[in-house]
Every structure is written in structure tokens, then in C-alpha cells.
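Counting with the numbering used here, you get residues -8 to 156 for the letters of the sequence shown. Don't be surprised by glycine CBs; every beta carbon is placed ideally from N, CA and C. All values derive from a computational prediction rather than experimental measurement. Here the structure is laid out as C-alpha cells; the discussion comes afterwards.
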Amino acid sequence: MKNFFFVFLTASVLTGCSHSDVESTTEQNTEQAVNATHMATFDVEGMMCQKGCGAILRKGLYETGGVSEVVVNFNEEKTSNEIKVYFDKSITNTSDMINVIGGLAKNRYTAKLVKVTESTIKTVEEKEEHAISGVELNDFTNRKEVSSNNFSFPDLTRIFNGLIN
């Protein structure tokens, strides 16, 4: 009876501790990184606060699919506030963004394009390539990193024997 209980408990622990990578793979496939090729600066009227209005603007612009970052510069004393939008010109454009901003929060906001410049933001792949190509062996000698690659499962037989006896 003890052996049966031990086998059953071990099997349930092993199957209960397993995990599937299906969810993380699905999330990674739906989120595609946007390569920001340009930065647009807008003057937006109708903003009352940085957190609430900024969140509404960010969410609306991110939903266009071509925006990688939105920076809101809010000043209570001004009637219009500056936002910078980093976007991929092949996916979206400034007139679409003006329409999106104008349609948010029951048409509370109005946006005026100030300027568009080419973006200097590097993609993650470019940063990794630059980091790998520019790294020398001496760069790692002065670094102090804490990592733990030594993971081991506890001795389950001793734990189960303690529970049974």
C-alpha cells in the first residue's frame, strides 16, 4: 500500500509540475516588434492630465499597429501638449495618426503635426549585433554578475518517506 501511494504521489507531482510552451509561443507570435523608421511630433489639444490622457493616446496609437513608442510631454499650463510618436512609415502614416487621435475619448483631442524626422532607434537585433561585434574578451573581466545555473530538485524520496513514516 505504501508503494502504491508513493508511486501515485510521485506521478501526480511530476505531471503537475510539467508545463507547456504553447501559451508563450502564441503570445510571441501575436506581438510583432515594430521597427520605428520615423518620429512624428504632434501638438495635441484637449489633454487634462498626463496619466489618463497619455494612456488613452498611447493605447489608441499602439492599436494602429505601426507605432513602437509614444512619449507624452504634458504641461498643465499649456493648452497644447507635445507627443512624440515613433512609427514605421511602411505600416502607418501621420494622417492616420491624426485621425486616430481625433477619434479618441469622444473626439476630445485635436492633433497638429509639427514635424517628422527619421528615427534613430535601433531594433533589438541591431543592438545585439552591435553588442556582439563590438565585444572583446577584456570587456568581461571587470563585470560582476550573479547567476545561478546550479538548480537541482529536492530529494523527493526522502520527503515522501518522511510523509509516509
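* Reduced DSSP secondary structure (H/G/I, E/B, other) of Thr85 -> helix
* To do: Compare the Cα-Cα distances from Arg99 to each of Glu109, His29, Gly43 and report the closest residue.
  => Gly43
* For the beta strand (DSSP E) that Leu154 lies in, which residues bound it at each end? -> It is not in any beta strand (DSSP E) - Leu154 instead sits in the alpha helix (DSSP H) that spans 147 to 155.
* Asked: Taking Gln47 as the reference, which of Thr70, Val91, Glu68, Asp34 has the closest Cα?
  -> Strictly speaking, residue 47 in this sequence is Ile, with Gln absent from that position. Answer by Cα proximity: Val91.
* Asked: Taking the alpha carbon of Glu73 as the point to measure from, which residue in Gly51, Ile82, Val61 has its own alpha carbon closest?
  -> Val61
* Asked: How many angstroms separate the CA atom of Asn66 from the CA atom of Ile82?
  -> 30 Å
* Could you check which residue in Asp34, Val63, Leu104 has the C-alpha nearest to that of Arg49? => Val63
* Tell me Ala24's beta-bridge partners as DSSP assigns them. => DSSP lists no partner for Ala24.
* Lys103 versus Ala27, Val76, Ser110, residue with shortest Cα-Cα distance -> Val76
* Can you give the Cα-Cα distance for Phe151 and Phe78, rounded to whole angstroms? -> 57 Å
* What residue does the beta strand (DSSP E) around Lys106 start on, and which one ends it? -> 101 to 109
* Asked: Alpha carbon to alpha carbon, how far is Ser110 from Lys80?
  -> 10 Å
* To do: Thinking Ser59 and Ala27 are a contact (beta carbons under 8 Å), I'd like their distance in whole angstroms, please.
  => 4 Å
* Compute the Euclidean distance between the alpha carbons of Thr108 and Met30, then round it to the nearest angstrom. => 5 Å
* To do: In angstroms with no decimal places, state the Cα-to-Cα distance between Gly94 and Ala24.
  => 25 Å
* Using the Cα positions of Phe33 and Gln41, report the straight-line distance between them to the nearest angstrom. => 15 Å
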